[in-house]
Structures are given as structure tokens and as C-alpha cells.
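Chains as they are written, first to last, in the working numbering: chain G, 1 to 260; chain P, 1001 to 1316; chain B, 2001 to 2271. Just so you know, even glycine gets a beta-carbon here, dropped at the ideal spot from N, CA and C. Okay, so here's the structure we're looking at.
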Amino acid sequence: MLEIKDLHVKFHTRDREAVAGVTLTIHDGEILGLVGESGSGKTVTAMSVAGLLPRRQCDYRGEVLLDGQDLLHADRDFLRTVQGKKIGVVFQQPMNAMDPLIRVGEQVGEVLRIHTDMSPEERRRASLEAMDAVELDDPEAVYRKYPHELSGGMLQRAMIAAAIVIRPSLLLLDEPTTALDVTIQAQILELLKKLNAESGVSMMFISHNLNVVRKLCTHVAVMQRGLLVEEGSTADVFYHPQHEYTRHLIDAIPRRRKYQ
Amino acid sequence: MKSMLRRVLMLLATMLIVSFLTYAAFELISGDPAEAMLGTQATPARVEALRKELGLDAPFLVRYARWLLGFFSGNLGVSYSYKLPVAELIAPKLAVTLWMCLISFIIISVISLPLGVLSYQSAVGRFGWLHTTLNQFFMAVPPFFTGILISWGCGVILRFFTPGDFPDLHADPAGALRYLFFAAVCIAIPRVAMMLRMMRSTVISEMEKDYVQTAISRGNDRQGVLVGHVLKNSLVPAITMLGQTMAEIVAGGIVVEQVFGIPGLGRLLVASIANRDYPTVQAVVVILAFWVVFAGMAADLVNQCIDPRLRLGGES
Amino acid sequence: MKKKMNGYLIAGLIITCILAGLTILGYFYTPYDPTAMSGAAKFQGPSMAHLFGTDNFGRDIFSRVLKGSGTTVFIASCTVLIGAVAGTAVGAVTGYFGGIVDDILMRMNDALTAFPSILLALVVISILGPGSELNVIIALGIVFIPSFARLTRTAFASIRDRNYIESARLMGAGSARILLIHMLPNTLSVLLPAITIGFNNAVLAEASMSFLGIGVTPPDASLGYMLSEAQGMFARAPWYALSTGLMIILLVFGVGLIGEGLQRLGKEAKY
């Protein structure tokens, strides 16, 4: 469903290409983990998919095909019909990603307001359902809260609810658990797994944490300096890493047994 | 509710400090009001008698307390030069000045708030330098200069009002307000430029925030991002600034009253300073300062309605 | 981008240099005696003989504008000097040492912001007595201290705990040395634009006060007082008000552009 073909992105302010020819495919229902250290180009890849590239500040070529339609060169009007509706995005810092002055519930339902002609009451019901689906306790109460009144974990659940409320076919998750406590992190991962199993939504999960990726993803792609160095099913990549860099990354995972 | 109470207390505290500073300053310099009232030829006995009568023999803090109580009960003392109660002198002028400040404030808000957000687009574009340059230029225009031009152009030539002939606020409110409008415009011009400059940098910094990315990723168009999210977030600093602008409006008003011949507090103040009429100066200064403090608090209250984070009253 | 940012600075410097040149020239030489009256040359429009025309007494307005701008610039410069030096001293000490003195001074500062600057200047001038140049300088100087103090306090407090200050302290540098040699230069990026803004406010405040007749009074010419003269004869000699008003605007505009340029340079340097 999502095909990235030979994607290049170069920011005017940098000498090196941020993304230097990435080719990737995500099939229906897959969860792809995009791994790499910071500056490896994984976030820029995701931004290209989400239509968030600052187009005036960079050169780009290649193709980003969602269900066969190119997004990379699509005009803004077309892009808007995809953003939010077919592609939901969850960002790293839930506290900053929420508009501080708007009630959480309204932000969850914002996508519906933009893309459907549901009545406010219908939107409310759909938002509450989505908030229930991400296992927020007492959605009614959370609906009325402002972002600063919620914890990071709750906010991230609300952000996920906002991303799935319209049932997009692809979820882009840009390090969604990095800013959270370890226990909350585990809960969110469980939640994402459950959502994938129940609705079959595809996901692109960006992380620098291989451990997290192994728990969640069906496929893994490893990036280094703008290039894709390794790609395959999670099991393949973890047990038969082909590339030196991938092996380094895997070796860097702390293993419990060593210390027991 | 609790934070409201705190605000009101803060307001009272600020007013207390403001009034104390003013009172103390004038006590220090004005010398003996009894002597001032009686003139230099008065006998020491008569001066002493008047001192007793005016309560000047009491300690400083007691006199300040009396003065403050008097202030709030409408007793502002007696003007040296007019030999009238200051309250009587001020009352008709107060309304004129407050109306002028209010009209100017409305002009500034109505123009700069929407324009600040709307002009964002062109201000970051190719002609951004033009915006900045125009802003700097209009910020440099002193209200009394525009006042001269407007009272000549709109008054003498176009006859929208008669410069120097201010209609009575009660007898002809429409005429008086029309007259005040032109004065208010003069005060507003540099302030609008200042507000626009500030609004623009606010909107630019808001546009770089993460929630804007979120809003775009949900399929908002430019309008949706700007009006649905950025506008509200930019409003808080803008309103704070508007509150502070009241001080500048009052300052501009003092001068503009002179240009237009408006019988307001500003002209009274200037005349009283020239005449060394301290009770009047004191009262006018404190009233104007209170008005400014009050505007600042009103801005705070409005901001609390917009921004839920401020409602905690700074507990976090 | 960079070109554009320096553009403000360059344009501002050009305007300011021209005006400063004229103003300095006015101290030594004016085409006519600015106070010399001439019955024959009343209300003359701008011409080669009188660039900006003449007023009701036949005085040459160009000469008066040069002299007046000299007075205004002198007062504004002194004012900013007082405000910046005293304000920086107060701000540096309170920002560096913190504590109760800091708290009290800042509370007083807050209360003082309730007074519009001109109002405060009027209070001070009414205490000192109106009509003298020195008193105007003192009054405005005092008024500008709090804003400079607040600004430098923030700047000093923010770099107080930086590593290089810490190491200077460990190397045994005294407080005065740290404040002057190590900290002051690092606050210049905030201080310089503030000085330009302060200068502009001082020009406008001085002009306002003189316009009201409680600032500089004749025989000294000041742009503000000249404007109030010009208002009365606007119908017959509009060039008087226009040339005086434009002089004020250009003065403030030029320095404002310099401030804008400096501010942007400062922002650039941070990244």
C-alpha cells in the first residue's frame, strides 16, 4: 500500500543529502520499524510520507506512492485529502504536539471536522469511542481536559486516538514512546499491537531503540547516513543481520542474561 | 476563583505602591502646602494654624493614610491654583481622557489583531523587509506631529471637526466622541505599528511549534492552521502587550490633548505642573497610573479566559 | 537572508550618519543665526536662500532645525547614557548577586512600569522644576533607569551560572572583574538594541515634553518646542511643522533601523 521509490531529500542548508535514495514498501497490515541513529534520515523519510517536508527549503526527488498515488510531488490540495484521513501521525513529544489551548477531546475529533461532514454530536461520539479504544480511563472526563492537565502517557494515548479516529490505512509513529517512562512505553506498545491486530492498520514505527522495534514490528528497515543498509522481516534482520552496522546495533542492545 | 482573588490582591498592592511613591515624592518636594497656600507674606502664626487645620502636623504615614482614604472617598484635596476641590476639577476631565484612551485602545486592537495574523504571510515573504521598514517608520511618527497634520487636514480643510472647539461631552456626546476619534487615531498610529511588529514575531515563533506540524498532518489548510490554532495561541502575548499599551496611550494622550485643545486630564496635568499645583498633579498622576494598572489586570483576566494554563494562578 | 538583515543596519547607519553630520554641523555653523529675526523675510516658502523657508519672525527654519536637532540629540544622548549606565549597574549587581535587594528592586521596578514614561518624567520634572535642559536630562534619565535595569538583570542572571563565569571565579577573579570583563561584553547583544530603542524613546519623550512647554524652553531651540510653535502657524507656514516633524521622524526612524539590524544580527549570531 505504501511504496517509497528512490527517495532523495536534501536541505538547502546542508551539504549532505538527508535521505539519499531510499526504497521501501509497507504492505497492508504490516508494521515496519525504521531504525537508525539521529540524523540517519528516518524522520525525514517519514515527513516525506506525511507531506510535512518544508518543500521550499529542500530539494527532493523520487516517489512516495500511497495506493499508487504519488504524494511527494502532489499539490497541497490533494495532499490535504490524504493527511489525517489516510495517514495518521503521532509525534515524539505529546506535550508539544497538542495545541495547549484546545480541549483534548476537540483535538481528537479535529480530523473528523476536517474530513467528514459529521455533526458535532457524531464527532463527539466517535472521538469518545476512539479514546476508549486506546484504553484511556474515563474518556468523558479526558475529553473535557486541556493538554497540560494530562500526563505524558495519557496525552500520547489521546494523540493515538486522534490519529486513528477516522480509521486511516497508515499510521506514522515518530518515536512515540521515547519521551515516556519505561512502563508507559510498554503499555503503548501493547496498545499499538492490539490496534494493528484489530483493525489491520499498517504502521511505520520510527525508533532508535531496537528492543522496542523487535517487540512490535513485523518488518525492520535500518538506516544510516540517509541510506537504507538493511531491510527484511524482524526475525531475519535480528538473527541474520547482513550489514556490519546492523550487527553493531544489535550488539548494543543490553541483554538481560549477561547480567544475571 | 482563587486566582482571581490573587489578581485583585496584586492589583491592590500595586496601586498601593504606586500611590505611596507618588505621595512620598510630592511630600518631599512640595514643601509646606500651608505656606504655599498663604503665600510668602503670611505670618508664622497663621501658617501654623492652617497646618493644624489641614492636618499637616501629623506624622508622614498618618498623612499618607488620610490622603489615601480621602482619595477613595473622592476627597482629593484642594487645588492651590484654582482654590477648588481637586475632585471637582478632575471629574469632567476624567471622562474625556478615559473616552479618548478607550477609543484609541479600540482602534489599536481592531486594526492590529487581525492584521497582525493576516499580514504574517506577506511578512515572511519577499516583501518582508517592506513590512519591517514601514513598521519602523510609523513607530517613529510622534502623535503630536500627526495631530498637527490631522487637525489641519481633517479639521480645517475637511471640516470633520473644529479644532480648538471641543463639544461638551454631555450636551453633544456624538460630536465630542467624533472629536476624540481624531485625537485617538494620532495616538494609535505608532502603537499599531508596534503591535504589528510584535504580533508578527509572535506568529512566526508560533508557526515553528510542534502543534502546527500536528495540525498540518491532520489535513488542515493554511487557513485552518492559522485561524484554528495559531491565532488563539498568538492572542495571549498580544493581549498582554495590548494591556501594556495602555500606558503608552495615556502618555500619548497627554500630548495629543494639547495639540487638539481637548480639556482632559493631560492638559490639566501640564498646567498644574507649570503652576506647581501639587495636590492636582498628585491626584491626576495616581488616577492615570491606576487606569494603567487596571488595564494590565483586565488583559490578565482576558488571557485567563483564553489560556487554561494561566487559570492555575501560577501554582505549577 | 543575510544581505537583507544587514540592509536595515546599512540603511539606518546612512540615515543616522547624514542626520548626525548635519546636527554636528549645526553646533558650529548654521546658514543663518537661528534666532535672528527679519521683518522682510516672514513666512517665506522653501527656496535656495532658505532651504526650509522662514517662520513668522523671518527666522531661517533650516538653521533652527539644525540647532533644535542638536538640542534634542544632546538631551537624548545624555538621557540614554544615564539610563544605560545606571540601569546596567543596578541590573548587573542585582542580577549577579540576587537575594533580597534584587527582590525589592524588581518589585519597585514593577510598580514603576505602571507609570507611562512621560508621566513619570513629568512627575520628576515637576519636582525639579520645569524649563531647564539639565532638569529634563535628569528627569528622563531617571525614567529610563528601570527598563535598562530590568533588561540587564535578566541578561546577567542568565549567564551567572555559566561554566566560564564559574571558572573565572575559581581562578580567583573578583566580582567587579567578573562583572566588567567577563559578563558585560556578553550582554552587549541585548544592550545595544536596547540603547537604540532607549535613544528613540528619549528623543520622542524630550520632544513631547518640550512640545508641552515644560521641557526645553526658548531661547534654546528644541524640535518639540519648535513643533508647538509651528502648529500655530501651520496654515501660513506648513513647511515649518513639516520640516521639524520630518526631522524627528527621520532621527527616530534611522536609529530604529539600526536597532532592527542589530537585533537581527544578534539573533543570527546565536545559531
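Fill in: Exposed unless 16 or more other CB atoms sit within 10 angstroms - verdict on Tyr1080 of chain P
That one is buried.
Item to complete: Can you tell me which of the three DSSP states Ser233 of chain G falls into?
Response: Ser233 of chain G falls in the strand class under three-state DSSP.
Worksheet item: Checking contacts by CB at 8 Å: is Pro1059 of chain P closer than that to chain B?
Response: Answer no: the Cβ-Cβ gap between Pro1059 of chain P and chain B never drops below 8 Å.
Discussion item. Please tell me whether Leu1094 of chain P has its Cβ less than 8 Å away from any Cβ of chain B.
Written reply: For Leu1094 of chain P, not one C-beta of chain B is nearer than 8 Å to its own C-beta.
Worksheet entry | Close-in-space but distant-in-sequence residues of the same chain around Gln185 of chain G (CB under 6 Å, 5 per side omitted) | Thr177, listed in sequence order.
Worksheet item: In whole angstroms, what is the alpha-carbon distance linking Glu17 of chain G and Ser2175 of chain B?
Response: Taking the straight line from one Cα to the other gives about 49 Å.
Discussion item. Contact criterion: CB-CB distance below 8 Å. Does Tyr2008 of chain B meet it with respect to chain P?
Written reply: Answer yes: the Cβ-Cβ gap between Tyr2008 of chain B and chain P drops below 8 Å somewhere.
Item to complete: Could you say which of P:Thr1133, P:Pro1279, P:Ala1289 lies nearest to Ile2127 of chain B if we only look at CA atoms?
Response: When each option's Cα is compared against that of Ile2127 of chain B, the closest is P:Pro1279.
Worksheet item: Considering only C-alpha positions, which residue in the set G:Ala252, G:Met154, G:Phe205 is nearest to Thr183 of chain G?
Response: Looking at the Cα atoms, G:Met154 is the closest of the given residues.
Worksheet entry | Identity of the residues DSSP links to Leu173 of chain G by a beta bridge | In the DSSP secondary-structure assignment, Leu173 of chain G is bridged to G:Val90, G:Phe205.
Fill in: Of the listed residues G:Glu122, G:Leu34, G:Leu128, nearest to Val237 of chain G (C-alpha basis)
Cα-wise, what sits closest to Val237 of chain G is G:Leu34.
Worksheet entry | Selection from B:Leu2246, B:Leu2013, B:Leu2184 that minimises the alpha carbon distance to Ile2165 of chain B | Of B:Leu2246, B:Leu2013, B:Leu2184, the residue nearest in Cα terms is B:Leu2184.
Worksheet item: Applying the criterion that 16 or more other CB atoms from any shown protein chain within 10 Å of the CB defines a buried residue, is Glu230 of chain G buried or exposed?
Response: So Glu230 of chain G counts as buried.
Worksheet item: Nearest chain P C-beta to Leu2188 of chain B closer than 8 Å, yes or no?
Response: Among the CB atoms of chain P, none fall inside 8 Å of the CB of Leu2188 of chain B.
Worksheet item: Rounded to the nearest angstrom, how far is the Cβ of Ile166 of chain G from that of Lys85 of chain G, given a contact under 8 Å?
Response: About 6 Å separates the two Cβ atoms, so the contact holds.
Worksheet item: Which residues share a DSSP beta bridge with Arg69 of chain G?
Response: Reading off the sequence shown, one finds Gln at residue 69 of chain G, where the question assumed Arg. The partner list for Gln69 of chain G (beta bridge, DSSP) reads G:Leu66.
Worksheet item: Which residues does DSSP pair with Ile26 of chain G in a beta bridge?
Response: Paired residues: G:Leu2.
Fill in: Separation of Leu1265 of chain P from Ile1254 of chain P, as counted between CA atoms
Taken atom to atom, the span from the alpha-carbon of Ile1254 of chain P to that of Leu1265 of chain P is near 7 Å.
Practice prompt. For the beta strand (DSSP E) containing Ile164 of chain G, list its first residue and its last residue.
Written response: Annotation for Ile164 of chain G: no beta strand (DSSP E) segment contains it, though the alpha helix (DSSP H) segment containing it runs 152–164.
Fill in: C-alpha distance - Asp99 of chain G paired with Pro139 of chain G, whole-angstrom precision
Rounded to whole angstroms, Asp99 of chain G to Pro139 of chain G spans 18 Å at the Cα level.
Discussion item. Tell me whether the region 2050–2057 of chain B and the region 2105–2122 of chain B touch, counting them as touching only if at least three CB pairs, one residue from each stretch, are closer than 8 Å.
Written reply: Contact fails: fewer than three Cβ-Cβ distances are below 8 Å.
Worksheet item: Excluding sequence positions up to five away, which residues of its chain have a Cβ less than 7 Å from the Cβ of Phe2211 of chain B?
Response: If we look at Phe2211 of chain B and ignore the five residues flanking it on each side, its Cβ neighbours are Gly2224, Tyr2225, Leu2227, Ser2228.
Worksheet item: Assuming Leu192 of chain G and Met203 of chain G make a contact with CB atoms under 8 Å, what is their CB distance in whole Å?
Response: Right, their Cβ atoms sit about 7 Å apart.
Worksheet item: Is the region 1141–1148 of chain P in contact with the region 1105–1121 of chain P, if contact means three or more CB pairs nearer than 8 Å?
Response: No, because fewer than three Cβ pairs between the region 1141–1148 of chain P and the region 1105–1121 of chain P fall closer than 8 Å, the two stretches do not touch.
Practice prompt. Answer with buried or exposed for Ser2243 of chain B, where buried requires no fewer than 16 other C-beta atoms within 10 angstroms of its C-beta.
Written response: Buried, because 16 or more other Cβ atoms sit within 10 Å of the Cβ of Ser2243 of chain B.
Item to complete: Return the chain-ordered list of same chain residues with a C-beta closer than 6 Å to the C-beta of Asp6 of chain G, the five sequence neighbours on each side being excluded.
Response: In the same chain as Asp6 of chain G, and ignoring 5 residues on each side of it, the C-beta atoms closer than 6 Å to its own belong to Gly21, Thr23, Gly62, in chain order.
Discussion item. Considering only their Cβ atoms, is the gap separating Ser2077 of chain B from Met2247 of chain B smaller than 8 Å?
Written reply: Contact check for Met2247 of chain B against Ser2077 of chain B fails: the beta carbons are separated by 8 Å or more.
Item to complete: Taking all protein chains shown into account, decide if Asp1057 of chain P is buried (16 or more other Cβ within 10 angstroms of its Cβ) or exposed.
Response: Counting every other CB atom within 10 Å of its CB across the protein chains shown gives Asp1057 of chain P a total below 16, marking it as exposed.
Worksheet entry | First and last residue of the uninterrupted beta strand (DSSP E) at Met223 of chain G | It spans 219–224 - the beta strand (DSSP E) in which Met223 of chain G sits, taken as one unbroken run.
Worksheet item: Looking at the C-beta of Tyr1082 of chain P, does it have a partner C-beta in chain G at a distance below 8 Å?
Response: Taking Cβ atoms only, chain G never reaches closer than 8 Å to Tyr1082 of chain P, which makes this a no.
Practice prompt. Put Pro1085 of chain P into one of helix, strand or coil per three-state DSSP.
Written response: It is a strand residue.
Worksheet item: Is the Cβ of Thr1132 of chain P closer than 8 Å to any Cβ of chain B?
Response: Answer yes: the Cβ-Cβ gap between Thr1132 of chain P and chain B drops below 8 Å somewhere.
Item to complete: Please say whether Ala2235 of chain B and Val1259 of chain P have beta carbons closer to each other than 8 Å?
Response: No; because the gap between Cβ atoms is not below 8 Å, this pair is not in contact.
Worksheet item: If we ignore side chains and look at the alpha-carbon of each, how far apart do Glu37 of chain G and Met223 of chain G end up?
Response: Here the alpha carbon of Glu37 of chain G sits roughly 8 Å from the alpha carbon of Met223 of chain G.
Item to complete: Starting from His1170 of chain P, find everything on chain G with Cβ-Cβ shorter than 7 Å and list it in chain order.
Response: Neighbours of His1170 of chain P on chain G: none; closest Cβ ~43 Å, over 7 Å.
Worksheet entry | Where Lys2004 of chain B falls: helix, strand or coil (DSSP) | Any answer about Lys2004 of chain B is weak, because its pLDDT of 48 lies below 50 and its placement is not dependable; what the coordinates show is given next. Lys2004 of chain B: helix per DSSP, three-state reduction.
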